[in-house]
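Q:
Numbering (UniProt numbering), first residue to last: 1 to 898.
1) Does the beta-carbon distance from residue 141 to residue 153 come in below 7 Å?
2) Flag this pair as yes or no: are the beta carbons of residue 567 and residue 581 separated by less than 7 Å?
3) For the structure I just gave you, are there three or more beta carbon pairs, one from the stretch 265-278 and one from the stretch 225-244, closer than 8 Å?
4) For the beta strand (DSSP E) holding residue 44, just list the boundary residues, first then last.
5) Given that a residue counts as buried once 16 or more other Cβ atoms are within 10 Å of its Cβ, and exposed if not, what is residue 102?
6) Among 503, 651 and 388, whose alpha-carbon lies nearest the alpha-carbon of residue 444?
7) For residue 485, which residues does DSSP report across the bridge?
8) Classify residue 60 as helix, strand or coil using the three-state DSSP reduction.
9) Identify the residues that DSSP records as bridge partners of residue 667: which are they?
10) Just the Cα atoms here: how many angstroms apart are residue 689 and residue 579?
11) Only counting the same chain, and skipping five residues up and downstream in sequence, which positions put a Cβ closer than 6 Å to that of residue 723?
12) On the three-state DSSP scale, how would you describe residue 416?
13) From residue 540 to residue 486, what does the alpha carbon distance come to, in whole angstroms?
14) Measuring straight from C-alpha to C-alpha, what distance separates residue 636 and residue 344?
15) With which residues is residue 55 paired in a DSSP beta bridge?
16) Residue 556 by DSSP, collapsed to three states: which one?
17) For the pair the stretch 660-672 and the stretch 555-564, tell me if three or more CB-CB distances fall below 8 Å.
18) Work out the CA separation of residue 536 and residue 438 for me, nearest whole Å.
19) Consult DSSP for residue 17 and reduce its assignment to one of helix, strand or coil.
20) Terminal residues of the continuous alpha helix (DSSP H) containing residue 293?
21) Quick test of your reading: residue 346 and residue 362, contact by CB under 8 Å. State the CB separation rounded to the nearest angstrom.
22) Identify every residue that forms a DSSP beta bridge with residue 229.
23) Which of the three DSSP states, helix, strand or coil, is assigned to residue 727?
24) Only counting runs of 3 or more residues, tell me where the beta strand (DSSP E) segments fall wholly within the stretch 122-193, in order along the chain.
25) Considering just the uninterrupted stretch of the alpha helix (DSSP H) at residue 80, what are its terminal residues?
26) Going by the beta-carbon positions, is the gap between residue 217 and residue 206 smaller than 7 Å?
27) Can you tell me whether residue 751 is buried or exposed? The criterion is at least 16 other CB atoms within 10 Å of its CB, across all chains shown.
28) Which residue comes first and which comes last in the beta strand (DSSP E) that contains residue 200?
29) Using C-beta distances below 8 Å, list every residue in its chain close to residue 106, excluding the 5 sequence neighbours before and after it, in chain order.
30) Between 466, 173 and 774, which lies nearest to residue 186 when the distance is taken from Cα to Cα?
31) Whole angstroms is fine: what's the gap from residue 586's alpha carbon to residue 793's?
32) Buried or exposed, going by whether 16 or more other CB atoms sit within 10 Å of the CB of residue 46?
33) Indicate whether the contact test is met: 3 or more Cβ pairs, each with one atom in the stretch 499-515 and one in the stretch 330-342, closer than 8 Å.
34) Between 620, 575, 616 and 570, which has its C-alpha nearest residue 589's C-alpha?
35) Would you say residue 385 and residue 484 are within 7 Å of each other, going by their C-beta atoms?
36) Please report the distance separating the alpha-carbon of residue 435 from that of residue 232.
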């Protein structure tokens, strides 16, 4: 228990809970430890010890369930097994913390480049239980009021706000952020209020009375004032707000005065009445009445203004007066993949609308999309953004349309437009659960909801703009800007509910899809008569909790797809069994995570080893230290004290790109050679470990000098080709292609000695150790004799062929300009240098790969050793146990001593 606790604390322990872990029908009481990367359980009762560790990255499902034995349990599901926990003092709290930690770990470790994560959560050392509670509350406030992600929650206070329309004070909660005052009634959706600090003129404390305790008056530029009462710790709250207000006042300018509105339509008159009673602008009261007005459809003359108000894009526009024009100027002339995709989709954006049948409309759309791609290259441009931007341009000015697009892509639909549209997939998974919960009869008749989910993906990505008539679709956009993504969920449920009878009677998925795509329901009727009454109880808090839970499943599904495709790509190139290859992939991936859990603290650098944007086999990579760990776990023949040197040379040989990282494809090819190839391929691999690039030394002098003494430029080019081919990694293609090239390269005596040293070290601990030592000694003696004979032969030829060499030298200078000179002194120097090289080459002792292989084949004991079948499955089984615990313990020990 102490060891487990020390390890958990070393991993940044967040909190602990007393609970029971069920094994069948037997509960085991113990302690649940939650850290930033793992959850661990320990129990010791009646002499029986139970302990296990589950990394968050292995979590595939987290849910609250009820069984016959227990009414409330937390079920944790991984790819390997399922565990149930109960008897928490506060189950909701424990479940919430587990969901947050799993969500943060998966965002940080599995999709560090795609999903947005708060800055405070990116550093694992900052994560505590208090921080998690604060971040959960902050995420709820940002989602409820659709605030920018950069906003930080400052104060939370219970209070009551005077609501003139109700002629009473409404109780609720005041949330203050860097730039906003937000109020929400106790019942979510009943009444809310958003006041940007840029609109506030003053915040004053009024005299406290028995009827109005601790009042605060907030005055805004539209000559309105808001009264807040029953504020605890009023003085410190007002002081904090005033300090932020003074800091913001110099940044912001007054909004342009609103033009007087005509009363041409009934809806305009209704909105005018509403403005008189509830206020106008970002800080107006948002009540149930405004929901009905929005559902009826916003008048076209007010649509752009209210979109800007509901999304608070007006504040962004006022805060950045020249930002858009600067982006347009900077993006002129820039060409990228995003700009090419934009050009391709420009004429597909509302092609039937007159506004985009001329050069002016197309140019404005191009500027908005290109400016946003330049602002946010991480997103750049995604399909469906062109349709959304087209609709925005119809009702707003070009700069306003840009800021509305910013609000949608970065705040209102977070993570929808990244590389893998994770946000949209998460919401599709949430939508499926809502269908099962809210429309059980439909879910019962259509057990597989994936076809409906596929169809609804376009609903979420385009806000129904691509599937509904234009006038109806714009009403959906009205509701979206007022309610946020909740409106799309409610409308999607309402559409399915309205067509439930036809869908239940459909014969197959194709007919069901035809029913939905051919539906001509009035969208305004659905919103006012069905969506709000039946699905109006769907809250932002519920959606955020569901998103957190389903994001785990979506990210893990992506990991499963990555693994499946990586194995599919590598399988044709290796002879390893599918089961062994899958296990090796898991070990390879786990090594990456272990380094993140207990590494040297450079988490940012380690996260760069995982790039979801790369091909499947290159998404996970390991560095030299991680490779050495895997080497020790999986190599069939350890080399004792020489193991580290051999592992180092193997990594250098595999690192074709010289980026100090190894991909899974290269790793699997190396293992395949060791476990599945024939004897000569294994010897060839060992041979290559002792020549460049496996050996850090350069090519020997005899190799260069023999090339220079050869005639013609073709020989010199062959040398360059050999150098290039030797630097290729040991995959099957390059090994077979380089057989002849390896034969051209000869071992120096010191390289042969290192080769023999490696073979000697491989035999330590083998049952036939003595026989193997005797066999390798015989082979070593034989190869040394062969090398000595060759050495003497070359020396005799060199001493007798001086005159011939002069002729060769002259011919070489004529054929290859590198060796030619124009002055006599240069010729004499060249002749002297070549004579020196010839003498040096004569003194070199060399032996070829073919000679070494032939000598090894003379000893049956060595042949049996290399041809003995090797059991990779047994190695993998042991590695699974050793890798996590021993490697983790070693890294923790290194951290403790550093």
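Think of the CB as a built atom: it goes at the ideal place given N, C-alpha and C, for glycine as much as any other residue.
A: Taking the definition as stated:
1) yes
2) yes
3) no
4) 38-45
5) buried
6) 503
7) Per DSSP, none; premise fails for residue 485.
8) strand
9) Partner(s): none; residue 667 has no beta bridge.
10) 29 Å
11) Residue placement at residue 723 cannot be trusted, given a pLDDT of 41 that sits under 50; the coordinates are not used to answer.
12) coil
13) 7 Å
14) 54 Å
15) 38
16) helix
17) no
18) 12 Å
19) strand
20) 288-296
21) 5 Å
22) 160
23) Since pLDDT at residue 727 reaches only 45, below the 50 mark, its modelled position is unreliable, and no value is offered.
24) 153-163, 168-177 and 180-185
25) Element bounds for residue 80: n/a, residue is neither H nor E.
26) yes
27) buried
28) 200-205
29) 56, 57, 59, 551, 552, 555 and 556
30) 173
31) 54 Å
32) exposed
33) no
34) 620
35) no
36) 42 Å
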